[in-house]
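Data first, discussion second: the structure below is written as C-alpha cells.
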C-alpha cells in the first residue's frame, strides 16, 4: 500500500477482494442507539496471529497471477502458497459480499528477511498493545475528528497538529480542551496520557476531573528524551463514585506563551 509498505490489498480488476476470518465473538454486530454502538466490541485478536504474505515482490505477483477460480462461485479464488500461518485454506471473494463476519482486506506482507528481523519485535509490541487494550475502559485520540466527536470534545484557544506521524492537541493562555470518558461503573481507575518526551517552552497544565483539580503537570525538562512517553495518573475513588462518565479537562496557565503539553493519546484504565 502507498503509505503502509508492510501491508497490501488484493484487487481483481476494480473489485477489492477480502477473506472471511470467522463468525465467532461478534458481540454488538447489530448496533442499537447507544453512544458508541457503531464501534465493534468483540474481543481483539493479535495481528501476529493473522495470515501473512511473505516473499519477494515478484514471487507474490506470480502467485497472485495464478489464483485459482472456484467452480460455481464467481470472483471467488484460492491462491496456493500465498498465505503463511493460515489455519485453513483462505478463499478470496469480493469484499462487498462479506457480512456478519470478521474479515481481512489488508494483509501483512514483507520479505522473508524483513519478517525474520521484525517478528519478535512485533510480537512484543502486539502483546503490550493487547495488554493495554484489556485494561482500557475508554480512550480518545486527540486531533482526530471522529474520536473527538464521539467523546463530546469541548475546546477554547486550542489547536491540533501532527508530530512524528501522530496527531495531538494542546491549548494556550488559559485555553483548554476536554473529553467525556466512560467509567464502566469502575471506581479504581487511572488516567494514562501520551506526551512527547522533550518539550520546550512553558508547558504548565492543570488536569481536571469534572470541575475538580486532579493535578498540575509541567512536562518541560521532565524526561529530556526524543521519544513518546506514557504517564499514568491515579484518580481518587471520590472523583469516580456513582458516575457513568467523567469529563477530563486539560487547561493551560494564563499567558500567551503558556501552553498545555501536547497530548497524543488519553486512556481511562484499570490499574
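Numbering (UniProt numbering), first residue to last: 1 to 271.
Ideal placement from N, C-alpha and C gives every residue a C-beta, glycine not left out.
It should be emphasised that the depicted structure is a prediction, and the values quoted were computed from it without experimental measurement.
For this session: Tell me, please, which residues DSSP counts as bridged to residue 83.
Result: 53
For this session: Can you tell me which of 21, 234, 53 puts its alpha carbon nearest to the alpha carbon of residue 88?
Result: 21
Exercise. By DSSP, does residue 89 sit in helix, in strand, or in coil?
Worked result: coil
Exercise. Of the choices 165, 251, 270, 202, whose alpha-carbon is the least far from that of residue 179?
Worked result: 251
For this session: Find out if the Cβ-Cβ distance for the pair residue 183, residue 240 is shorter than 7 Å.
Result: yes
Exercise. If you compare alpha carbons, which of 82, 262, 96, 248 is closest to residue 153?
Worked result: 248
Problem set entry | First and last residue of the uninterrupted alpha helix (DSSP H) at residue 130 | 112 to 135
Exercise. Taking the alpha carbon of residue 253 as the point to measure from, which residue in 170, 3, 268 has its own alpha carbon closest?
Worked result: 170
Problem set entry | 3-residue-minimum beta strand (DSSP E) runs that sit fully inside the segment 4 to 46, ordered along the chain | 10 to 12, 15 to 20
Exercise. Would you report the Cα separation of residue 265 and residue 148, rounded to the nearest angstrom?
Worked result: 11 Å
For this session: Would you check whether the ligand ADP has a heavy atom nearer than 6 Å to the C-beta of residue 119?
Result: The ligand ADP is absent from the structure shown, which contains no ligand whatsoever.
For this session: Would you mind listing the alpha helix (DSSP H) stretches within the segment 221 to 260 that are 4+ residues and don't spill past its ends, in chain order?
Result: none
Problem set entry | Host beta strand (DSSP E) of residue 210 (start-end) | No beta strand (DSSP E) holds residue 210; DSSP gives it neither H nor E.
Exercise. Does DSSP put residue 144 in a helix, in a strand, or in coil?
Worked result: coil
Exercise. Under three-state DSSP, which class holds residue 103?
Worked result: strand
Problem set entry | Cα-Cα separation, residue 222 to residue 150 | 32 Å
Problem set entry | Start-to-end residues for the beta strand (DSSP E) that takes in residue 195 | 190 to 196
For this session: State the CB to CB distance for the pair residue 267 and residue 164, rounded to an integer number of angstroms; the pair is presumed to be in contact (CB under 8 Å).
Result: Not confirmed; about 19 Å, so no contact.
Exercise. Straight-line CA distance for residue 125 to residue 12?
Worked result: 33 Å
Exercise. With C-beta atoms as the reference, is residue 202 less than 7 Å away from residue 133?
Worked result: no
For this session: Kindly list the residues whose CB is nearer than 7 Å to the CB of residue 63, restricted to its own chain and excluding five residues on each side of it in sequence; keep chain order.
Result: 79, 81, 82
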